[in-house]
Amino acid sequence: MSTIDFRLPPIPCLIAFEARARLGSGVLVARELCISPSAVSHRIKQLEEATNLQLFRKTSGEAVLTADGQAYLEAVRNALNTLSHFGRNPAASSKVKKQLRIAAPPTFAYQIIIPRLSSLQENFPALRFELQLSVPLVGLKADDSDIEIRFGIGHYPGYHVTRILDEDVVPMCSPEYLAQHGPFETYEDLQRATLLRCTIEPWHPWFQAAGLDWREPVGTLQFVDIGSCMQAAAWGHGVALARPKMAASLTASGRLVPVFDLSAKPAYSYFATCLPEALQHTESLEVINWLRSDLEREDAMQALALASKPSGKRKK
Numbered sequence: 026m027s028t029i030d031f032r033l034p035p036i037p038c039l040i041a042f043e044a045r046a047r048l049g050s051g052v053l054v055a056r057e058l059c060i061s062p063s064a065v066s067h068r069i070k071q072l073e074e075a076t077n078l079q080l081f082r083k084t085s086g087e088a089v090l091t092a093d094g095q096a097y098l099e100a101v102r103n104a105l106n107t108l109s110h111f112g113r114n115p116a117a118s119s120k121v122k123k124q125l126r127i128a129a130p131p132t133f134a135y136q137i138i139i140p141r142l143s144s145l146q147e148n149f150p151a152l153r154f155e156l157q158l159s160v161p162l163v164g165l166k167a168d169d170s171d172i173e174i175r176f177g178i179g180h181y182p183g184y185h186v187t188r189i190l191d192e193d194v195v196p197m198c199s200p201e202y203l204a205q206h207g208p209f210e211t212y213e214d215l216q217r218a219t220l221l222r223c224t225i226e227p228w229h230p231w232f233q234a235a236g237l238d239w240r241e242p243v244g245t246l247q248f249v250d251i252g253s254c255m256q257a258a259a260w261g262h263g264v265a266l267a268r269p270k271m272a273a274s275l276t277a278s279g280r281l282v283p284v285f286d287l288s289a290k291p292a293y294s295y296f297a298t299c300l301p302e303a304l305q306h307t308e309s310l311e312v313i314n315w316l317r318s319d320l321e322r323e324d325a326m327q328a329l330a331l332a333s334k335p336s337g338k339r340k341k
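Converting from the sequence shown to our numbering requires adding 25 to each position, the first position being numbered 1.
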C-alpha cells in the first residue's frame, strides 16, 4: 500500500507566521505564543526554507509581507481555521463570547465604565468584557487592549481616535473645608485656600477664565492622578479642580461641593483609541460609539434638568 508524502511545514512555524503577519511585531508574537522573539524569527526562517518562499521583506526597518507571503498567509489561515473548528459542536461554539479588552485610566474606569457594565452587557450580549487600568500620559497598561481610553490632546499617530468625553473643570472642596476656610466670595479669596495640584490637570485654564494672573500652585501636596486629587479634596485637604462626571460619586454623597459656579475648558480630554486593524472587527467601533452616545445622552438629560431649575448666585 503506497503512502502519501505531504511534506507539511511544522505547525508551530505556521502559527508563528500567522501571528507575525497579524500582530506586526515579533515581540507581540513572542508574548502571545509564550516563546522568545528569537524563537519567532527562527520559526519563520524555518518556514521559508521549507516552502522555498520569501514571506517577509524589510522596508524602512519594518518586516512586511511579500506577494508570496500574502498569498501563503491566506492559505495558512484557511487551514488553521479549518483545523481549529473541526469536530466542534456548532451549538456549543456559538455560545462562546468574544473577549473585548478595554484599558482606561483609574478614575475613568471607576466613574464611567464600571457603572455602565450592565448596560454594556445588555447592548453587547455576544461580548465578554475585560477591564484593564492604564496610566494617563504614560501609556502604561496591563496588557494589549482592543480599546484604550487615553487622557490627552488627542494626537495618537497610527491609531483610530474618537473624542469621547470633554468636560469643563470646576473648583471643588469638602463642605467642612468650605465652612472652615470660607466663605470664598471672590476668586481672589482662593489666595487663602490650599489649592491641590494634579500634574495632569493644571489650574492655568481656570485661572485664565477667572481673570487671575496666577502661577500653578506649589505646595506640599501634589498628585499625578485626578481621582486621588479629588479624594484629597473630599478629605478636607484643600480645593481641587474636578470634572462633574469624574466627581459624580463624591458630589452625590455630599463629600465635594463646588466653590464657584465658574468653569473652564481644560487642557486635556478623554479619547477612545484603537489600532486600525481592530476596526476589521466592528465590535470595537460599536462599543466606542455606544459609550460616546450614552455620555452625550446623559449630558443632554442633565442640561435639561439644570435648565428647569432656577439659576443660583454666581460668585465673582
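Just so you know, even glycine gets a beta-carbon here, dropped at the ideal spot from N, CA and C.
Legend entry - Reduced DSSP secondary structure (H/G/I, E/B, other) of K340: In the sequence shown, the residue the question calls residue 340 occupies position 315. With a pLDDT of only 49 at K340, under the threshold of 50, the placement of this residue in the model should not be trusted; the figure read from the coordinates follows. Coil.
Inset, instruction - Take E226 and list the residues in its own chain whose beta-carbon comes closer than 6 Å to its own, dropping the five residues that flank it on each side. - result: By one-based count along the sequence shown, residue 226 stands at place 201. If you ignore the 5 residues before and after E226, its C-beta comes within less than 6 Å of the C-beta of I251 and L266, all in its own chain and listed in chain order.
Legend entry - Touching by the beta-carbon criterion (3+ pairs, under 8 Å), the stretch 195 to 212 and the stretch 274 to 291: Enough Cβ pairs lie closer than 8 Å, so yes.
Inset, instruction - Given a cut-off of 7 Å, decide if I69 and A129 are closer than it, judged by their beta-carbon atoms. - result: Your numbering for residue 129 matches position 104 in the sequence shown. Your numbering for residue 69 matches position 44 in the sequence shown. No, these two residues do not count as a Cβ contact at 7 Å.
Inset, instruction - Indicate the three-state DSSP secondary structure (helix, strand or coil) for K70 in the structure shown. - result: Reading the sequence shown from its first residue, position 45 is the one you call residue 70. Looking at K70 - three-state DSSP - the assignment turns out to be helix.
Legend entry - Cβ pair count under 8 Å reaching 3, the stretch 203 to 212 against the stretch 313 to 333: Contact fails: fewer than three Cβ-Cβ distances are below 8 Å.
Legend entry - Short Cβ contact (7 Å threshold) for L72 with G94: Along the sequence shown, one-based indexing puts residue 72 at 47. Along the sequence shown, one-based indexing puts residue 94 at 69. Contact flag unset, no.
Legend entry - Sequence-distant residues of its chain with Cβ nearer than 8 Å to S66 (five each side left out): Walking along the sequence shown from the start, residue 66 turns up at place 41. Hits under 8 Å: G51.
Inset, instruction - Whole angstroms is fine: what's the gap from G261's alpha carbon to P242's? - result: Taking the first residue of the sequence shown as position 1, residue 261 is located at position 236. Taking the first residue of the sequence shown as position 1, residue 242 is located at position 217. Taking the straight line joining both Cα atoms gives about 17 Å.
Legend entry - Beta-bridge partners of C299, as assigned by DSSP: The residue labelled residue 299 in the question sits at position 274 within the sequence shown. Bridge partners of C299: H185.
Legend entry - Straight-line Cα distance separating K270 from K338: The count along the sequence shown starts at 1 and reaches residue 338 at position 313. The count along the sequence shown starts at 1 and reaches residue 270 at position 245. The pLDDT assigned to K338 is 43, lower than 50, so where the model puts this residue is not dependable, and the model offers no usable value.
Inset, instruction - Check the Cβ-Cβ distances between L304 and every residue of chain D, and say whether any is below 7 Å. - result: Going by chain labels, chain D is absent from the structure shown, which holds only one protein chain.
Legend entry - Residue range of the beta strand (DSSP E) that includes F176: For the purposes of this step, residue 176 is taken as the residue at position 151 of the sequence shown. Here the beta strand (DSSP E) through F176 covers I172 to G177.
Legend entry - Cα-Cα separation between T76 and A46, rounded to whole angstroms: Position 51 of the sequence shown holds residue 76. Position 21 of the sequence shown holds residue 46. T76 and A46 have their C-alpha atoms roughly 17 Å apart.
Legend entry - Exposed unless 16 or more other CB atoms sit within 10 angstroms - verdict on S336: As a working note, residue 336 is residue 311 in the sequence shown. Model confidence at S336 stands at a pLDDT of 49, short of 50, so the residue's coordinates are unreliable and nothing is read from them.
Inset, instruction - Flag this pair as touching only if the stretch 221 to 241 and the stretch 310 to 324 have three or more C-beta atom pairs under 8 Å; answer yes or no. - result: Contact between the stretch 221 to 241 and the stretch 310 to 324 is absent, with fewer than three C-beta pairs closer than 8 Å.
Inset, instruction - Decide yes or no for the touch test of the stretch 177 to 195 against the stretch 299 to 318: beta carbon pairs closer than 8 Å, at least 3 of them. - result: Yes, they touch.
Inset, instruction - Could you tell me if A96 is buried or exposed, where buried requires 16 or more neighbouring beta carbons within 10 angstroms of its beta carbon? - result: Here residue 96 refers to the residue found at position 71 of the sequence shown. Counting of Cβ neighbours within 10 angstroms places A96 among the exposed residues, the total staying below 16.
Inset, instruction - Please say whether S294 and D191 have beta carbons closer to each other than 7 Å? - result: The count along the sequence shown starts at 1 and reaches residue 191 at position 166. The count along the sequence shown starts at 1 and reaches residue 294 at position 269. The answer is yes: Cβ separation under 7 Å.
Inset, instruction - Look at S309 and D171 and say whether their C-beta atoms are less than 7 Å apart. - result: Residue numbering aside, residue 309 sits at position 284 when the sequence shown is read from its first letter. Residue numbering aside, residue 171 sits at position 146 when the sequence shown is read from its first letter. A contact, by the Cβ cut-off of 7 Å.
Legend entry - Bridge partners - P196, DSSP secondary structure assignment: Here residue 196 refers to the residue found at position 171 of the sequence shown. Note: P196 is bridge-paired with L266 in the DSSP secondary-structure output.
Inset, instruction - Could you work out which residue in I138, G86, Q136 and Q146 is closest to K123 when comparing CA atoms only? - result: Within the sequence shown, the letter at position 98 stands for residue 123. Considering only I138, G86, Q136 and Q146, the residue with the shortest C-alpha distance to K123 is Q146.
Inset, instruction - Just the C-alpha distance for Q233 and Q256, rounded to the nearest angstrom, thanks. - result: For this step, residue 233 is matched to residue 208 along the sequence shown. For this step, residue 256 is matched to residue 231 along the sequence shown. If I take the Cα positions, the gap works out to 25 Å.
Inset, instruction - Measure the beta-carbon distance from L90 to E43 and round it to whole angstroms, keeping in mind my assumption that it falls under 8 Å. - result: On the sequence shown, residue 90 is found 65 positions in, with the first residue counted as 1. On the sequence shown, residue 43 is found 18 positions in, with the first residue counted as 1. The pair is not a contact, with the Cβ atoms about 11 Å apart (cut-off 8 Å).
Inset, instruction - Please classify A258: is it buried, with 16 or more other beta-carbons within 10 angstroms of its beta-carbon, or exposed? - result: Position 233 of the sequence shown holds residue 258. Flag for A258 reads buried.
Inset, instruction - Identify, in the order they occur along the chain, each residue of the same chain with its Cβ nearer than 7 Å to the Cβ of A134, setting aside the five sequence neighbours on each side. - result: As a first step, residue 134 must be located in the sequence shown, where it is residue number 109. Annotation for A134: L156 and L158 place their beta carbon closer than 7 Å to its own, counting only its chain and skipping 5 residues before and after.
Legend entry - Of the residues L220, R56, Q216 and N103, the one placed nearest G244, counting alpha carbons only: For the purposes of this step, residue 244 is identified with residue 219 of the sequence shown, where counting begins at 1. For G244, the nearest C-alpha among the options comes from L220.
Legend entry - Short Cβ contact (7 Å threshold) for V264 with A218: Residue mapping note: residue 264 aligns to position 239 of the sequence shown, counting from 1. Residue mapping note: residue 218 aligns to position 193 of the sequence shown, counting from 1. Contact flag set, yes.
Legend entry - Simplified DSSP assignment, three categories, for I160: Start at 1 with the first residue of the sequence shown, and residue 160 comes out as number 135. It should be noted that the sequence gives Val, not Ile, for residue 160. Here V160 sits in strand by DSSP.
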